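Working notes, structure below.
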Amino acid sequence: DVKVTQSSRYLVKRTGEKVFLECVQDMDHENMFWYRQDPGLGLRLIYFSYDVKMKEKGDIPEGYSVSREKKERFSLILESASTNQTSMYLCAHSWRGTEAFFGQGTRLTVV
Amino acid sequence: DAKTTQPTSMDCAEGRAANLPCNHSTISGNEYVYWYRQIHSQGPQYIIHGLKNNETNEMASLIITEDRKSSTLILPHATLRDTAVYYCIVRLNTGNQFYFGTGTSLTVIP
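Protein chains in written order, with the numbering used here: chain A, 147 to 257; chain B, 32 to 141.
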């Protein structure tokens, strides 16, 4: 079974905190993605990575950064969390040219 | 950015075929059509993809028009567990990104 592990299912953080969302895959896939999902807006791509230490911005990178030091792990970082970053965050991975596999998501609430 | 257009919502009677349309009029010759679905509170799940030929697997069938400007996902015998949001995506098979739109919310009615 394909496994995508996101570090937390639910998370509550305070405004201004630095937040780390971790994603680990066990398929040795090149590509990893971070999305956020909000009602009425669907899934929006924040960042993706196509190799270790490589990253590209998606549609909505502002307020986020990412880190990929090892192939299996892709971290999303909120440098200073704000209430408008309250959302569902979804991690995914794929080989180049194949379907993407998604995790269950982390529901982040910033208070 | 998303390059597909889908109806916001649809209903289907249990046991009947569910036909979900998608317009992708700006699709280029080397872009594939992918379908995913998302059941409430879960991550999206891959269903099927195709380039220009019709495709079928154990979950669904994908019908792509000859001009490739639109496609239809068919769930042959919808069940209550097929109630979900269905996303149609176009993507280069050598590319990396998946761009999701807002999808179609399918409700299967008993």
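Note that CB positions come from ideal geometry on N, CA and C, so glycine has one too. Please read these numbers as outputs of a predicted model, since none were measured by experiment.
Nearest Cα to A/Tyr193 within the set A/Pro185, A/Glu208, A/Leu187: A/Glu208. Excluding five sequence positions before and after B/Pro141, the CB atoms of its chain that fall closer than 7 Å to its own CB belong to Glu45, Leu111, given in chain order. Residue burial is scored here from C-beta neighbours: A/Gly162 has fewer than 16 other C-beta atoms within 10 angstroms and is therefore classed as exposed.
DSSP places A/Gln231 within a helical segment (H, G or I) once states are collapsed to three.
Residues of the stretch 71-95 of chain B whose Cβ lies closer than 7 Å to any Cβ of chain A, in chain order: Gln73, Gly74, Pro75, Tyr77, His80. Taking C-alpha positions only, A/Thr232 is separated from A/Arg182 by approximately 9 Å. Boundaries of the beta strand (DSSP E) around B/Arg68: 62-69.
Residue-level contact check: A/Val170 does not touch chain B, since none of the beta carbons of chain B fall below 9 Å from its beta carbon.
Look at the beta carbons and you see the stretch 85-102 of chain B not touching the stretch 238-256 of chain A: under three pairs across the two are nearer than 8 Å. According to the DSSP assignment, B/Ala109 belongs to no beta strand (DSSP E), since it is labelled neither H nor E. Secondary structure of B/Pro75 (DSSP, three-state): coil. Taking C-beta atoms as the reference points, B/Asn50 and B/Leu123 fail to come closer than 9 Å. In the three-state reduction of the DSSP assignment, B/Asp98 falls in the coil class, being assigned neither a helical nor a strand state. With a contact defined as Cβ atoms closer than 8 Å, B/Val121 and B/His55 qualify at about 5 Å. Contact with chain B is absent for A/Leu167, since none of that chain's Cβ atoms lies less than 9 Å from the residue's Cβ. Contacts with chain B at 9 Å (Cβ-Cβ) do not include A/Leu157.
With 16 or more other Cβ atoms inside 10 Å of its own Cβ, B/Ile78 counts as buried.
Taking C-alpha positions only, B/Tyr63 is separated from A/Glu215 by approximately 31 Å. In the structure shown, the three-state DSSP call for B/Phe131 is coil. Exclusion of the five residues before and after A/Ser153 leaves Glu168 as the residues of its chain whose Cβ lies within less than 6 Å of its Cβ. Within the model, the alpha-carbon separation for B/Gly132 versus A/Thr151 is close to 24 Å. Within chain B, no C-beta atom comes nearer than 8 Å to that of A/Glu163; the closest sits roughly 25 Å away.
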